[in-house]
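Written below as structure tokens is the structure these notes are about.
Residue numbers (full-length UniProt numbering): 1 to 576.
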């Protein structure tokens, strides 16, 4: 007979940014109940030390205080008691991301790992939740509702702890958009000020979800929720088993800027695709984790890289972006990679393995030493798809590989072991391609994208960047004659260096991030004047530069060179 459910109650203190949580444990461990809070969030691979946001924690039983001892930074042990145990704690919530928790008088959001203590040893019990708040607020979550009106406060439950923490909650004054895709109900809930074009969003999101439902052939959920926070300028998402948490710039929802609107649709496409590739086709390394420590994997190119390839490909296949716009995006992704000297120091496998230390902790030198398994992973997926199609004369593709993974791992619930994707490629297309793929994953070198595109009748062209904001993807009428290998931002006193590339003239001149450039050739430096002087200067001709470092004025000689061909665009050469 199953033990009584663990019962969590949440009370809100919006002005103090606090979630007050009460956990009732009907049958605690007779030797002393151990409690733990996850150290990281599924889908976001870095240690977050979520327990640091607990401001107070107490225990009692039958109205009497119970000793509660911390035995690790995120782990507590209660003294042994006879009868039910009640844990009360407060969680400070002021993180606007989709990974932890936020609460103020306008609304709130939480991701389960940030709020819900794990009752060690009772993870497989039913977990129940009661949550109440301001009468005029609404609540959205994909967790099973067992009491209360739809979109209102009430009671919810999940079959175990892992499911319990995988249904985030959005609350406040919400905009609700309902639509159907694949014959299933879908909901977009938006929290925050916005002027979204709901008619366009409903139409276009339905096209994306319909295509993905048809692509996979069946759904791992019966209903889906998009929980979206609209902010002044933000972007991000996190997948869950029947929902996704999104944050975006509110202007992206209006459709006034088609490029930014497509960016939001790409985010929707990416997180929705994860319902199959991550949530159903699960990485074994992470799915078996108790979330207490980092779990290293070299396979994030499969889960994030392939998903990043299909997010924009989906938009193109459903007609929400043109083939030309799709190729422009590929050019921009290739530009991003080629501007990172780190591709010759870190392989794709190493990028995946180092995610816990590097990807989520960027710094001023990241481009010099690191790559992203999202960026290079998507480009590797493109190379793999092209290779499959070209070598089989169109009989094989990455689509077919995903169908194999769905049949063998998504439908069966059997987690995907580390390295299994390579074996699947070998079974599908032969050992030679699998060995080639392994080299692409493990080598600290360029991918053969240019040669593969050429076989498809598409030329990959390069040129210098026209300015710092030039992300590539298209040709340019004019290009600069010189380059120093640094990025900067405007400050009231001059220009502040943000990044210096390895082997660049800026590095040779001794410049460093945070240096404040104030004069070039005796003339005050501004954003426009400095960029203009550099781009029109003579390669090899030294320039006198004055800058401040730690409030001390220095002088150096800066010698621009011819700009690198690090900006790329694609061109159709024939009817493909």
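For glycine and all other residues, C-beta sits at the position ideal for the given N, C-alpha and C.
Within 10 angstroms of its Cβ, does residue 229 collect 16 or more other Cβ (buried), or is it exposed? Walking along the chain shown from the start, residue 229 turns up at place 229. Residue 229 is buried by the Cβ-count criterion.
Got a sec? Which residues, its chain only, sit under 6 Å from residue 329 by beta carbon, not counting five neighbours each side?
Walking along the chain shown from the start, residue 329 turns up at place 329. 312, listed in sequence order.
Margin query: Buried or exposed for residue 307, going by 16 or more other Cβ atoms inside 10 Å?
Written below: Within the chain shown, residue 307 is the residue found at index 307, counting from 1. Answer is buried; the Cβ neighbour count reaches 16.
Along the chain, which unbroken stretches of the beta strand (DSSP E) at least 3 residues long are found entirely within the region 96-120?
101-104, 107-110
Exercise. For residue 89, which residues does DSSP report across the bridge?
Worked result: Counted from its first residue, the chain shown places residue 89 at position 89. For residue 89, which the question treats as bridged, DSSP gives the partners 21, 57.
Q. Between residue 458 and residue 560, is the Cβ-Cβ spacing less than 9 Å?
A. Here residue 458 corresponds to residue number 458 of the chain shown, with the count starting at 1. Here residue 560 corresponds to residue number 560 of the chain shown, with the count starting at 1. Their beta carbons are not under 9 Å apart, which means residue 458 does not touch residue 560 by this criterion.
* Comparing alpha-carbon positions, which option in 537, 116, 275 lies nearest residue 413? -> Along the chain shown, read from residue 1 onward, the residue named residue 413 stands at position 413. Nearest C-alpha to residue 413: 275.
Limits of the beta strand (DSSP E) - the one that residue 138 falls within
Locating residue 138 in the chain shown gives position 138, where the first residue counts as 1. 138-140 is the span of the beta strand (DSSP E), which, as asked, contains residue 138.
- Query: Ends of the alpha helix (DSSP H) at residue 438?
  - Reply: Start at 1 with the first residue of the chain shown, and residue 438 comes out as number 438. Unbroken alpha helix (DSSP H) run through residue 438: 431-442.
Note to self: Report the CB separation of residue 22 from residue 86 in whole angstroms; it is logged as a contact under 8 Å.
What the structure shows: The sequence position of residue 22 within the chain shown is 22, counting from 1. The sequence position of residue 86 within the chain shown is 86, counting from 1. Confirmed, Cβ separation roughly 6 Å.
Exercise. Run the CB neighbour count on residue 551, radius 10 Å, all protein chains shown included, and call it buried at 16 or more, exposed below.
Key: Counted from its first residue, the chain shown places residue 551 at position 551. When all chains shown are included, residue 551 counts as exposed.
Checklist entry - Are the beta-carbon atoms belonging to residue 35 and residue 117 less than 9 Å from one another? => result Position 35 of the chain shown, counting from 1, holds the residue named residue 35. Position 117 of the chain shown, counting from 1, holds the residue named residue 117. Yes, the pair counts as a contact, with Cβ atoms nearer than the cut-off.
>> If we require 4 or more residues per run, which alpha helix (DSSP H) segments fall completely within the region 125-213?
In response: 161-164
Next on the checklist: Contact defined as beta carbons within less than 8 Å: I believe residue 545 pairs with residue 509. What is the distance between those atoms, to the nearest angstrom?
Outcome noted: Taking the first residue of the chain shown as position 1, residue 545 is located at position 545. Taking the first residue of the chain shown as position 1, residue 509 is located at position 509. Indeed, because the Cβ distance is near 7 Å, the residues count as touching under 8 Å.
ask   = Which value, in whole angstroms, describes the spacing of the CA atoms of residue 332 and residue 471?
value = Walking along the chain shown from the start, residue 332 turns up at place 332. Walking along the chain shown from the start, residue 471 turns up at place 471. Cα-Cα distance, rounded: 6 Å.
Select from 255, 146, 482, 403 the residue whose C-alpha is nearest the C-alpha of residue 216. If you number the chain shown from 1, residue 216 lands on position 216. The option with the nearest alpha carbon to residue 216 is 403.
| message | Given a cut-off of 9 Å on the beta-carbon distance, is the pair residue 192 and residue 106 in contact? | response | The count along the chain shown starts at 1 and reaches residue 192 at position 192. The count along the chain shown starts at 1 and reaches residue 106 at position 106. Taking 9 Å as the Cβ cut-off, residue 192 and residue 106 qualify as a contacting pair.
My output table needs one value for residue 13: the three-state DSSP class, helix, strand or coil. In the chain shown, counting from the first residue as 1, residue 13 sits at position 13. Three-state result, residue 13: strand.
Handout entry: Stretch-stretch touch, CB-based, cutoff 8 Å, three pairs: the region 54-69 with the region 138-148
Key = no
Suppose the cutoff is 7 Å on Cβ atoms and the five residues either side in sequence are ignored; what does the same chain contact list for residue 92 look like? The residue given as residue 92 occupies position 92 in the chain shown. Hits under 7 Å: 17, 18, 53, 55.
Give the straight-line distance between the Cα atoms of residue 343 and residue 361, rounded to the nearest whole angstrom. Taking the first residue of the chain shown as 1, we reach residue 343 at position 343. Taking the first residue of the chain shown as 1, we reach residue 361 at position 361. Whole-angstrom Cα-Cα distance: 17 Å.
* **Straight-line Cα distance separating residue 50 from residue 72** => As a working mapping, residue 72 is identified with position 72 in the chain shown. As a working mapping, residue 50 is identified with position 50 in the chain shown. Their Cα atoms are separated by approximately 13 Å.
I think residue 305 touches residue 267, with their Cβ atoms under 8 Å apart; what is that distance to the nearest whole Å?
Here residue 305 refers to the residue found at position 305 of the chain shown. Here residue 267 refers to the residue found at position 267 of the chain shown. Wrong, their Cβ atoms sit about 16 Å apart, outside the cutoff.
query = In angstroms, rounded to a whole number, what distance separates the CA positions of residue 1 and residue 78?
reply = Here residue 1 refers to the residue found at position 1 of the chain shown. Here residue 78 refers to the residue found at position 78 of the chain shown. Residue placement at residue 1 is poorly supported in this model, since its pLDDT is 46, which falls under 50; the coordinates still yield a value, given next. Looking at the two C-alpha atoms, the distance is approximately 25 Å.
**Study point:** Best match in 366, 350, 334 for proximity to residue 447 [C-alpha to C-alpha]
**Key:** As a first step, residue 447 must be located in the chain shown, where it is residue number 447. If we check each option's Cα against that of residue 447, 334 comes out closest.
For residue 112, which residues in the same chain have their Cβ closer than 7 Å to its Cβ, ignoring the five residues on either side in sequence?
The residue given as residue 112 occupies position 112 in the chain shown. So the list reads 164, 165, 166, 167, 168, once near-sequence residues are dropped.
Runs of alpha helix (DSSP H) lying entirely within the region 243-308, each at least 4 residues, in chain order: 258-273, 284-287
_Restricting to Cα atoms, I'd like to know which of 375, 184, 153, 42 is closest to residue 98._
Here residue 98 refers to the residue found at position 98 of the chain shown. When each option's Cα is compared against that of residue 98, the closest is 42.
How about the region 247-267 and the region 285-294: do they share at least three Cβ pairs that are nearer than 8 Å? no
Do you know how far the Cα of residue 501 is from the Cα of residue 354?
The residue labelled residue 354 in the question sits at position 354 within the chain shown. The residue labelled residue 501 in the question sits at position 501 within the chain shown. Those two C-alpha atoms are separated by around 21 Å.
In whole angstroms, what separates the C-alpha of residue 7 from that of residue 513?
-> The count along the chain shown starts at 1 and reaches residue 7 at position 7. The count along the chain shown starts at 1 and reaches residue 513 at position 513. Whole-angstrom Cα-Cα distance: 51 Å.
Q) From residue 499 to residue 374, what distance separates their C-alpha atoms? A) Taking the first residue of the chain shown as position 1, residue 499 is located at position 499. Taking the first residue of the chain shown as position 1, residue 374 is located at position 374. Computed Cα separation, rounded: 21 Å.
Worksheet item: For the alpha helix (DSSP H) that contains residue 45, what are its first and last residues?
Response: Looking up residue 45 in the chain shown gives position 45. Run containing residue 45: none; DSSP gives neither H nor E here.
**Prompt:** With distances taken between CB atoms, is the gap from residue 96 to residue 247 smaller than 9 Å?
**Reply:** What you label residue 96 is simply residue 96 of the chain shown in a count that begins at 1. What you label residue 247 is simply residue 247 of the chain shown in a count that begins at 1. The answer is yes: Cβ separation under 9 Å.
TODO: Could you have a look at residue 413 and say whether DSSP puts it in helix, strand or coil?
DONE: Against the chain shown, residue 413 aligns to sequence position 413. Residue 413: coil per DSSP, three-state reduction.
Quick one: what's got a C-beta closer than 6 Å to residue 417's C-beta in the same chain, skipping five residues either side?
The sequence position of residue 417 within the chain shown is 417, counting from 1. Excluding residues within five positions, the ones whose Cβ falls inside 6 Å are 284.
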